[in-house]
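Residue numbers for the sequence shown follow the numbering used here, so the first one is 1 and each next one is one higher.
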Amino acid sequence: MRHDASKYIIVIPARLASTRLPRKMLRDVAGVPMIVRVWRQAVAADIGRVVVACDGAEIADVISDAGGEAVITQADLPSGSDRVGAALAQIDPEKNVPYIINLQGDLPHVPPSLLVSLATALAGAESDFDVMTAVAPLDDTEKDMPQVVKVAIAWGQDGTAGTAGTALYFSRAPIPHGGTIGGGTMWHHIGIYGWRRGALEHFVALPPSPLEVAEKLEQLRALEAGMRVGVVAVDKAIAGVDTEADLQIVAQSIT
Numbered sequence: 001m002r003h004d005a006s007k008y009i010i011v012i013p014a015r016l017a018s019t020r021l022p023r024k025m026l027r028d029v030a031g032v033p034m035i036v037r038v039w040r041q042a043v044a045a046d047i048g049r050v051v052v053a054c055d056g057a058e059i060a061d062v063i064s065d066a067g068g069e070a071v072i073t074q075a076d077l078p079s080g081s082d083r084v085g086a087a088l089a090q091i092d093p094e095k096n097v098p099y100i101i102n103l104q105g106d107l108p109h110v111p112p113s114l115l116v117s118l119a120t121a122l123a124g125a126e127s128d129f130d131v132m133t134a135v136a137p138l139d140d141t142e143k144d145m146p147q148v149v150k151v152a153i154a155w156g157q158d159g160t161a162g163t164a165g166t167a168l169y170f171s172r173a174p175i176p177h178g179g180t181i182g183g184g185t186m187w188h189h190i191g192i193y194g195w196r197r198g199a200l201e202h203f204v205a206l207p208p209s210p211l212e213v214a215e216k217l218e219q220l221r222a223l224e225a226g227m228r229v230g231v232v233a234v235d236k237a238i239a240g241v242d243t244e245a246d247l248q249i250v251a252q253s254i255t
């Protein structure tokens with residue numbers, strides 16, 4: 001399916017002040033800054049304009065040197081989606097673009113095809129979700145890892161993973177029972193979001209919610225506000241970078 005590039009913007013929120021891996025957006029991944037690798041994957045999806053929303057000139061200059069577009073946003077925004085919203089106010093003040101993909105800047109292996117799938121699901125005529133995201137089957141070794149976010153999903157009346165399901169809850173802790181909806185599979189959340197423009201504007205106008213603060217998961221703000229979060233399933237989770245060990249594994253897989 002060919003997408004109308006005028007209807008989509010991929011925004012990559014990126015900040016230097018990472019707690020677990022300082023300055024990770026600029027860390028070297030097989031000879032290239034991580035944020036540049038993520039930007040290249042987004043460009044390869046070929047669904048629309050790609051912009052990096054950063055918290056200062058260092059990241060902006062790196063993206064500019066690579067041939068990309070970056071905007072500088074307020075440094076202390078509470079979440080990546082808030083940074084995406086702030087960037088949109090600068091790059092599309094007329095609100096011409098109805099669909100926004102929020103791509104995390106620490107996913108250098110993100111397949112362009114996943115971004116295309118989210119864009120397709122988001123714009124589908126049958127979709128009444130405010131935001132779409134992606135999930136993959138959870139490996140048993142990941143259940144107790146707080147950096148791996150789990151999600152309970154309703155997949156419809158037959159209880160199997162189909163075109164799109166409805167997210168019921170997200171947690172860093174193992175989710176009992178509800179996490180097995182969908183043929184006995186537990187699900188690993190992949191932190192990429194496809195937003196409808198109006199839903200994103202509503203989201204960023206809200207303060208961080210109690211569950212969001214407790215779990216440190218921005219998507220819980222949307223659920224607490226009564227927004228519908230849809231999910232699409234992919235076969236395998238994407239390796240993110242949260243620690244020095246993660247960085248080494250990702251770099252070795254590229255080389």
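Ideal Cβ placement from N, Cα and C applies to all residues, glycine included.
With DSSP as the reference, label residue i as helix, strand or coil.
i: Glu218; result: coil
i: Lys150; result: strand
i: Trp155; result: coil
i: Asp242; result: coil
i: Pro137; result: strand
i: Thr166; result: strand
i: Asp92; result: coil
i: Ser171; result: strand
i: Gly230; result: strand
i: Val131; result: strand
i: Ala329; result: Here the chain covers residues 1 to 255 and nothing more, so residue 329 does not appear.
i: Ala70; result: strand
Would you mind working out which of the options sits nearest residue i, comparing C-alpha positions?
i: Arg20; options: Asp242, Ile10, Leu247; result: Asp242
i: Ala53; options: Ile35, Val234, Gln41, His202; result: Ile35
i: Gly67; options: Ile91, Gln74, Arg37, Gly124; result: Arg37
i: Ala233; options: Leu138, His3, Gln74; result: Leu138
i: Gly294; options: Thr185, Ala237, Asp130, Glu218; result: No answer is possible for residue 294: it lies beyond the span of the chain, which begins at 1 and ends at 255.
i: Ala87; options: Phe203, Thr73, Val149, His188; result: Thr73
i: Arg197; options: Leu247, Ser253, Glu94; result: Glu94
i: Asp65; options: Ile10, Gly194, Val84, Trp39; result: Trp39
i: Val204; options: Asp82, Ser6, Val62; result: Asp82
i: Arg99; options: Glu215, Ala199, Asp144; result: Rather than Arg, the amino acid found at residue 99 in this sequence is Tyr. Nearest C-alpha to Tyr99: Ala199.
i: Ala45; options: Trp155, Ile9, Leu115; result: Leu115
i: Ala167; options: Val229, Met186, Glu142; result: Val229
i: Gly191; options: Gln104, Arg15, Val32; result: Gln104
i: Ile47; options: Phe129, Val97, Val62; result: Val97
In whole angstroms, what is the alpha-carbon distance linking residue i and residue j?
i: Leu118; j: Pro174; result: 25 Å
i: Gly56; j: Gln90; result: 15 Å
i: Asp106; j: Lys236; result: 17 Å
i: Gly182; j: Tyr169; result: No answer about Gly182 holds up, because its pLDDT of 49 lies below 50 and its placement is not dependable.
i: Gly165; j: Ile238; result: 19 Å
i: Gly179; j: Pro210; result: In this prediction, Gly179 has a pLDDT of 48, which is less than 50 and means its spatial position is unreliable; nothing more can be read from the coordinates.
Per DSSP, which one or two residues make a beta bridge with residue i?
i: Leu103; result: Ile192
i: His49; result: It should be pointed out that residue 49 corresponds to Arg in this sequence rather than to His. According to DSSP, Arg49 bridges with Ile9.
i: Asp28; result: Pro33
Exposed or buried, residue i, counting other C-beta atoms within 10 Å across all chains shown (16 or more means buried)?
i: Lys24; result: buried
i: Val29; result: buried
i: Leu50; result: In the sequence as presented, Leu is not what sits at residue 50; that position holds Val. It is buried - the Cβ of Val50 has at least 16 other Cβ atoms within 10 Å.
i: Pro13; result: buried
i: Ser171; result: buried
i: Thr133; result: buried
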